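These notes are about the structure you will find just below.
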Amino acid sequence: MNLKIFVFLAMALGTANLYAQVDSVYSFSLKDAQEYALEHNRNVKSSQIDLEIAKKKIWETTAIGLPQANASLAYSHSITEPKIAELFSGMFGQPSDSVTSEAPEFDFKSSTALDITVSQLIFNGAYIVGLQTTKTFKALSEFSIDKSVNDLKEQVTNNYFLVLTLHENKIIIDSTLVYTEKLFEEMKKNYEVGYIEETDVDQIGITLSRIRNLSTNLNRQADIAEKLLKFTMGIDLDSKILLTESLVDYIESPDFLKPLSTEFIVENYPDYQILQTQEKLMKLNLKLQKSNVLPTVSAFYAYHKQLNENYVDFQPENMVGIQVSMPLFTSGQNYMKIRQARLSLDQTRLNVRMAADGLQLEFEQARADYFSALEKYYTENSNIKTSGKIYERAVIKYKEGIIGSMELTQAQNQYLQAQSDYYSAIGELVAAKSKIEKMTGENN
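Structure follows, in structure tokens:
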């Protein structure tokens, strides 16, 4: 009975572990990976927090121009009798010493008072500009989120297909490695019976060592690329992921040629929108410096209540007022600040125009890179097929004794180089396409 219970528990735990492993594997298409990254990437989260801070800042600034109320409760006690006590007692015909020797009719030492003040800002130029500035900062935060989203989608796309490229490259290298190992063993046997020379065996051995090193290196690169993709997406680095996209289907799909006809509108590009927002901030800075010469007008109501009934208090219980303040003479300081703000605005406008031309040039370069990468892909795709056929024929000829190990090694090296160039061309093509999609907004 105990043995049956033990076996049952062991099977149950094994099943639980199996389901835990299945649940821990994340399966992603490219679109799924991008959506997951947008939800979990730390940079995007940070940009979203910046936007929330900007929203709260708008209300904080708005509240400055709304009614403000303050209350205070104060208690004070004079250690020595104030001089006004003698004057006050004399006015009532009492001797001055009676004020200190007998209980006074009025309290001149202790005071407990309640004060409530309500104020309202009527006009302040800096406040109006500040309110406009906070709204502009909110827009800047929104554009920053758009930029973070654009950059993140580009990074996920590049990292996603980098992982696929390395894995597919590794599959071919591993199959070549297995075949070369078998060929090496066959050649060793042929050498032992005297059919070939030792040089032929050594030649294949050198090639075999290179392929093993290449396979090991691809393993490391694939592991780093996968971790980089997880980091970009916001997934724990120890989690397992499964990529469901097909590299060839993605490249050979009709949509892959869409960037050839896509138009770039610089005004829709988040990087340019951020620069335009910075220009608006410079305009607001100029308005702020101009507003410093305007008056500030505010109104207030004050309520004062003396809680000591016998305390002599000359302050009225209710009071209202208006306060107006403005600078009269600053020795040209305000004028120089206005001049500096105007020059900064002119400089920012020049930078925005330069950026627009630079972004247009950057797009033209990205499109040229895409054309070049596309042509290179077609060329390398043809080359890898051709070199594969050459290598297969070389193997047949070698086994028939028509060629030696040197020719076989050359054909194999040519095939491996064509394979490396092919996957390098795929990486360049994917990066060029994702760059254009980011600039045109096609990745949204």
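Residue numbering for the sequence shown follows the numbering used here, starting at 25 and increasing by one per position.
In this text, a Cβ means the ideal position worked out from N, Cα and C, and glycines have one as well.
Everything numeric in this text was worked out from a predicted model, so none of it was measured.
Could you tell me how far apart the beta carbons of residue i and residue j are, in whole angstroms, since I believe they sit closer than 8 Å?
i: S176; j: N65; result: The sequence shown places Leu at residue 176, rather than the Ser named in the question. That belief holds up - the Cβ atoms of L176 and N65 are roughly 5 Å apart, short of 8 Å.
i: G412; j: Y446; result: Going by Cβ atoms, the distance from G412 to Y446 rounds to 10 Å, so no, they are not a contact pair.
i: K457; j: P351; result: Not confirmed; about 59 Å, so no contact.
i: K181; j: V454; result: Note that residue 181 corresponds to Thr in the displayed sequence, not to Lys. The pair is a contact, with the Cβ atoms about 7 Å apart (cut-off 8 Å).
i: L75; j: S165; result: 4 Å
i: V202; j: A246; result: No, V202 and A246 are not in contact; Cβ-Cβ is about 18 Å, not under 8 Å.
i: K159; j: I82; result: 6 Å
i: A418; j: L432; result: 5 Å
i: M20; j: I230; result: Summary: the structure shown does not reach residue 20, with the chain confined to residues 25 through 468, and so no result is reported for it.
i: L266; j: V49; result: 6 Å
i: E341; j: Y327; result: 7 Å
i: T320; j: N148; result: 5 Å
i: S71; j: I169; result: 5 Å
i: V376; j: E291; result: About 11 Å separates the two Cβ atoms, so there is no contact after all.
Specify the secondary structure class of residue i as computed by DSSP and reduced to three states.
i: T320; result: strand
i: D262; result: coil
i: G425; result: coil
i: T469; result: The first residue shown for the chain is 25 and the last is 468, placing residue 469 beyond what the model contains.
i: F147; result: strand
i: N217; result: A small fix is needed here, since residue 217 is Val in this sequence, not Asn. If DSSP states are grouped into helix, strand and coil, V217 belongs with coil.
i: S96; result: strand
i: I460; result: helix
i: M343; result: strand
i: S355; result: coil
i: S233; result: helix
i: S125; result: The predicted model places S125 with a pLDDT of 47, which falls under 50 and marks its position as unreliable; any figure quoted below should be read in that light. S125: helix per DSSP, three-state reduction.
i: V46; result: Note on V46: pLDDT 43, under 50, position unreliable in the model; the coordinate value appears next. Helix, per DSSP.
i: S120; result: Caution applies to S120, whose pLDDT of 48 falls short of 50 and renders its modelled position unreliable; the value that the coordinates give is listed next. Note: S120 maps to helix in three-state DSSP.
i: L398; result: helix
Look at the Cβ atom of residue i, then the Cβ atom of residue j, and state whether they are nearer than 8 Å.
i: K162; j: I298; result: no
i: A103; j: S322; result: A quick correction: the sequence has Ile, not Ala, at residue 103. Not closer than 8 Å, so no.
i: S233; j: D198; result: no
i: M463; j: Y293; result: yes
i: L312; j: A249; result: no
i: N193; j: Q443; result: yes
i: S51; j: E269; result: no
i: L369; j: L310; result: yes
i: E452; j: K409; result: no
i: T286; j: I235; result: no
i: M257; j: Y402; result: no
i: L253; j: N174; result: no
i: I460; j: A390; result: yes
i: T301; j: F167; result: yes
i: A435; j: I414; result: yes
i: L331; j: A137; result: yes
i: G425; j: D224; result: no
i: E209; j: Y215; result: no
Since residue i sits in a beta bridge, which residues does DSSP pair it with?
i: S51; result: L266
i: G412; result: Note: G412 sits in no beta bridge, so no partner.
i: I141; result: It is Thr, not Ile, that sits at residue 141 in the sequence shown. Answer is N94, A326, bridged to T141.
i: H64; result: None, per the DSSP bridge assignment.
i: V348; result: V321
i: H191; result: BP columns for H191 are empty, so no partner.
Examine the ligand SAH and report whether any of its heavy atoms sits within less than 7 Å of the Cβ of residue i.
i: I414; result: Looking for the ligand SAH in the displayed structure turns up nothing, as the structure carries no ligands at all.
_Under 8 Å, with one C-beta from each stretch per pair, do the segment 352-362 and the segment 377-395 reach the 3-pair mark?_
Result no; under three Cβ-Cβ pairs closer than 8 Å.
*asked:* Check whether the segment 137-144 and the segment 92-101 touch, using three or more Cβ-Cβ pairs below 8 Å as the test.
replied: yes
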